[in-house]
Amino acid sequence: YLDQTGTGISSTIDSVGPLYIFRNVWDRNEFIQGSACDSDQKQPMFKDGSSSDFGNGRRYLFHNTMLQRTQSGCNNGLGGGAGVGGTGDAQLVHNTVSMNNIYNLWKPQNGPFFQIGTDNTFQNDMMATVGVPEIGVVLGRPQYAAGNGDMAGDSGLYALAAGTPGYDQGIRIPNFNDHFNGVAPDVGAMEAGDGAMMFGVAAATSSSSADGSGGTGGGSGGGSSGGSTPPPVTNAPVSATMDSSSYTVKQGARVTFTAAVMGNAGTPTGAVSFTANNTPISGCSAVALSAGKATCSTSLKRGSFQIRGNYSGDATYGAGVAGPITETVK
Numbered sequence: 005y006l007d008q009t010g011t012g013i014s015s016t017i018d019s020v021g022p023l024y025i026f027r028n029v030w031d032r033n034e035f036i037q038g039s040a041c042d043s044d045q046k047q048p049m050f051k052d053g054s055s056s057d058f059g060n061g062r063r064y065l066f067h068n069t070m071l072q073r074t075q076s077g078c079n080n081g082l083g084g085g086a087g088v089g090g091t092g093d094a095q096l097v098h099n100t101v102s103m104n105n106i107y108n109l110w111k112p113q114n115g116p117f118f119q120i121g122t123d124n125t126f127q128n129d130m131m132a133t134v135g136v137p138e139i140g141v142v143l144g145r146p147q148y149a150a151g152n153g154d155m156a157g158d159s160g161l162y163a164l165a166a167g168t169p170g171y172d173q174g175i176r177i178p179n180f181n182d183h184f185n186g187v188a189p190d191v192g193a194m195e196a197g198d199g200a201m202m203f204g205v206a207a208a209t210s211s212s213s214a215d216g217s218g219g220t221g222g223g224s225g226g227g228s229s230g231g232s233t234p235p236p237v238t239n240a241p242v243s244a245t246m247d248s249s250s251y252t253v254k255q256g257a258r259v260t261f262t263a264a265v266m267g268n269a270g271t272p273t274g275a276v277s278f279t280a281n282n283t284p285i286s287g288c289s290a291v292a293l294s295a296g297k298a299t300c301s302t303s304l305k306r307g308s309f310q311i312r313g314n315y316s317g318d319a320t321y322g323a324g325v326a327g328p329i330t331e332t333v334k
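Whatever position you read off the sequence shown (first residue = 1), add 4 for this note's numbering.
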């Protein structure tokens, strides 16, 4: 739980990674000490500029919540001004994965992201205005259960209200949100139905849930609570990743790309079509998934390529995109 800080969490010097920033709650943002509430220079929750001098390390932003408490006489909230941003035009955000976060800004008409570079994935995040290509965006502002949310301070109560945007609309991230109550995880730091989150030393001694959500009750370790069977789902969201057998190869050498597709309602079927800089890769269109994975073996001309896998969807899951990753051919 972060409060009254100049920015949220900075990871510009992530040199190798992977760095995981997981289930944090950011309350009030004060960048200029003593400024009027509507005149501050609000900052991002994640200051994630990258630099080749630092190595452009991989970072993952999962299940974080930006609060926006209100104050009499202030037109805007007291929280942060952006979700993810770089540290100048020469230090854009690269190699970053953002999933299931609540980016609730002090001015909701503003875009949640700025100075965004390449090799990024933004998926199933909640925001009022879409700023960059976002897969499965949850469009809107959070609506919290009674006693939870923007004015809850460090109480640990940030559960979304049932049936509101973001409730049961998160994407499954194996080993990070295996515990959830309902048909899918909630977006944001807290899973509705769990006990209050705990922070700092208190969290180290609490009976927190197995996936680190900080909850002290509600639900079992492996899925929906109460032993009930979730209803059938259609057009469910998927999580897709892209990998390469070698991210740098010599011209003429073959390289294999693997797209892995995961979801909350069983192993996805369907097919993946691979592209390089948005151009279809010969022989790699409509590759059928096997055990949730599709592979493409090819050779590319000299250059730098953004590799994506466009997932078709199936009877259960909606379409999705794996990648991009950068493949360099010398």
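Note that beta-carbon positions come from the ideal geometry of N, C-alpha and C, so glycine has one too.
Next item on the list: Give me the Cα-Cα distance between residue 15 and residue 52, rounded to the nearest whole angstrom.
Entry: For this step, residue 15 is matched to residue 11 along the sequence shown. For this step, residue 52 is matched to residue 48 along the sequence shown. Distance between the alpha carbons of residue 15 and residue 52: 5 Å.
Check: residue 62: which of 97, 128, 91 sits nearest, CA to CA?
Finding: Taking the sequence shown and counting its residues from 1, one reaches residue 62 at position 58. Ranking 97, 128, 91 by Cα distance to residue 62 puts 97 first.
Check: Is DSSP giving residue 207 helix, strand or coil here?
Finding: Working through the sequence shown from its first residue, we reach residue 207 at position 203. Helix, per DSSP.
Checklist line | Residues near residue 7 in its chain [Cβ-Cβ closer than 6 Å; skip 5 each side] | finding: Within the sequence shown, numbered from 1, the residue matching residue 7 stands at position 3. Excluding sequence neighbours, residue 7 sits near 31, 32.
Margin query: Measuring only the C-alpha atoms, how far is residue 144 from residue 129?
Written below: Indexing the sequence shown from 1 puts residue 144 at position 140. Indexing the sequence shown from 1 puts residue 129 at position 125. In this structure, the CA atom of residue 144 is about 10 Å from the CA atom of residue 129.
Item checked: Straight-line gap, residue 136 to residue 37 (C-alpha atoms, nearest Å) -> For the purposes of this step, residue 136 is taken as the residue at position 132 of the sequence shown. For the purposes of this step, residue 37 is taken as the residue at position 33 of the sequence shown. Roughly 31 Å separates the two Cα atoms.
Item checked: Given residue 90 as reference, the closest of 142, 99, 77 once Cα atoms are compared -> Here residue 90 refers to the residue found at position 86 when the sequence shown is read from its first residue. The shortest C-alpha separation from residue 90 is found at 99.
Next item on the list: Determine which residues share a DSSP beta bridge with residue 51 and list them.
Entry: On the sequence shown, position 47 is the one that residue 51 refers to. Residue 51 is bridged to 14, 89.
Next item on the list: Counting only runs of 3+ residues fully inside the region 67-136, write out the beta strand (DSSP E) ranges in chain order.
Entry: Counting whole runs of 3 or more residues, the region 67-136 contains the beta strand (DSSP E) stretches 86-89, 100-103, 125-127.
Checklist line | Inter-residue spacing [alpha-carbon to alpha-carbon] between residue 41 and residue 304 | finding: Locating residue 41 in the sequence shown gives position 37, where the first residue counts as 1. Locating residue 304 in the sequence shown gives position 300, where the first residue counts as 1. Each residue's CA atom was taken as its position, placing residue 41 and residue 304 some 54 Å apart.
Checklist line | residue 107 to residue 141 span [Cα, whole Å] | finding: Translated into the one-based positions of the sequence shown, residue 107 becomes position 103. Translated into the one-based positions of the sequence shown, residue 141 becomes position 137. Whole-angstrom Cα-Cα distance: 11 Å.
Notebook entry, point to check: So the beta strand (DSSP E) residue 247 belongs to, where does it begin and stop?
Noted result: Counting from one through the sequence shown, the residue named residue 247 turns up at place 243. Start and end: 242-248.
Check: Taking the alpha-carbon positions, what's the residue 19 to residue 123 distance?
Finding: Stepping through the sequence shown from its first residue, residue 19 is reached at position 15. Stepping through the sequence shown from its first residue, residue 123 is reached at position 119. Near 15 Å, if we compare the C-alpha coordinates of residue 123 and residue 19.
Note to self: Whole angstroms are fine: how far does the CA of residue 78 sit from the CA of residue 299?
What the structure shows: Residue 299 sits at position 295 when you count from the first residue of the sequence shown. Residue 78 sits at position 74 when you count from the first residue of the sequence shown. Whole-angstrom Cα-Cα distance: 54 Å.
Notebook entry, point to check: I think residue 104 touches residue 189, with their Cβ atoms under 8 Å apart; what is that distance to the nearest whole Å?
Noted result: Taking the first residue of the sequence shown as position 1, residue 104 is located at position 100. Taking the first residue of the sequence shown as position 1, residue 189 is located at position 185. Yes, residue 104 and residue 189 are in contact; Cβ-Cβ is about 7 Å, under 8 Å.
Check: Any chance the region 197-209 sits against the region 284-303, with 3 or more Cβ pairs inside 8 Å?
Finding: The region 197-209 is not in contact with the region 284-303.
Check: Roughly how many angstroms lie between the CA atoms of residue 158 and residue 282, to the nearest whole one?
Finding: On the sequence shown, residue 158 is found 154 positions in, with the first residue counted as 1. On the sequence shown, residue 282 is found 278 positions in, with the first residue counted as 1. Straight-line Cα distance between these residues: approximately 45 Å.
Check: Looking only at C-alpha atoms, which of 45, 273, 251 sits nearest to residue 323?
Finding: Along the sequence shown, read from residue 1 onward, the residue named residue 323 stands at position 319. Taking only the C-alpha atoms, the option nearest residue 323 is 273.
Check: According to the Cβ coordinates, are residue 175 and residue 112 closer than 8 Å?
Finding: One-based indexing of the sequence shown puts residue 175 at position 171. One-based indexing of the sequence shown puts residue 112 at position 108. No, the pair does not count as a contact, with Cβ atoms beyond the cut-off.
Check: What is the rounded straight-line gap between the Cα of residue 22 and the Cα of residue 149?
Finding: Numbered from 1 along the sequence shown, position 18 holds the residue referred to as residue 22. Numbered from 1 along the sequence shown, position 145 holds the residue referred to as residue 149. Near 34 Å, if we compare the C-alpha coordinates of residue 149 and residue 22.
Check: Among 73, 28, 76, which one has its Cα closest to the Cα of residue 64?
Finding: Here residue 64 corresponds to residue number 60 of the sequence shown, with the count starting at 1. Just measuring C-alpha positions, the residue of 73, 28, 76 sitting nearest residue 64 is 28.
Margin query: Am I right that residue 239 and residue 276 are in contact with their C-beta atoms under 8 Å? What's the rounded C-beta distance?
Written below: In the sequence shown, counting from the first residue as 1, residue 239 sits at position 235. In the sequence shown, counting from the first residue as 1, residue 276 sits at position 272. That pair is no contact at about 18 Å.
Notebook entry, point to check: DSSP state of residue 201, grouped into three classes?
Noted result: Here the question's residue 201 lines up with position 197 in the sequence shown. Note: residue 201 maps to coil in three-state DSSP.
Check: Nearest to residue 250 by CA position, among 270, 332, 321, is which residue?
Finding: Counting from 1 along the sequence shown, the entry for residue 250 is found at position 246. If we check each option's Cα against that of residue 250, 332 comes out closest.
Notebook entry, point to check: Counting along the chain, where does the beta strand (DSSP E) carrying residue 266 start and finish?
Noted result: The residue given as residue 266 occupies position 262 in the sequence shown. Its beta strand (DSSP E) spans residues 259-267.
Note to self: Considering just the uninterrupted stretch of the beta strand (DSSP E) at residue 315, what are its terminal residues?
What the structure shows: Along the sequence shown, read from residue 1 onward, the residue named residue 315 stands at position 311. Start and end: 307-315.
Check: Where does the unbroken beta strand (DSSP E) through residue 256 begin, and where does it stop?
Finding: As a position in the sequence shown, residue 256 is number 252, starting the count at 1. Taken as a continuous stretch (DSSP letters only), residue 256 belongs to no beta strand (DSSP E), as it is neither H nor E.
Next item on the list: Check whether the Cβ atoms of residue 46 and residue 35 sit closer than 8 Å, and answer yes or no.
Entry: Taking the sequence shown and counting its residues from 1, the one referred to as residue 46 is at position 42. Taking the sequence shown and counting its residues from 1, the one referred to as residue 35 is at position 31. The answer is yes: Cβ separation under 8 Å.
Next item on the list: Check each candidate in 119, 263, 110, 155 and name the one with the smallest Cα separation from residue 54.
Entry: As a first step, residue 54 is located in the sequence shown; it is residue number 50 there, counting from the start. Measuring from the Cα of residue 54, the nearest candidate turns out to be 119.
Check: So, helix, strand or coil for residue 175, using DSSP?
Finding: Residue 175 sits at position 171 when you count from the first residue of the sequence shown. DSSP, read as helix, strand or coil, puts residue 175 in coil.
Item checked: Reduced DSSP category for residue 327 - H, G, I as helix; E, B as strand; rest coil -> Here the question's residue 327 lines up with position 323 in the sequence shown. Looking at residue 327 - three-state DSSP - the assignment turns out to be strand.
Notebook entry, point to check: Would residue 311 pass as a contact of residue 284 if the rule is Cβ separation under 8 Å?
Noted result: As a working note, residue 311 is residue 307 in the sequence shown. As a working note, residue 284 is residue 280 in the sequence shown. No; because the gap between Cβ atoms is not below 8 Å, this pair is not in contact.
Item checked: residue 300 (DSSP reduced to helix, strand or coil) -> Locating residue 300 in the sequence shown gives position 296, where the first residue counts as 1. Residue state for residue 300 is assigned as strand, using DSSP reduced to three classes.
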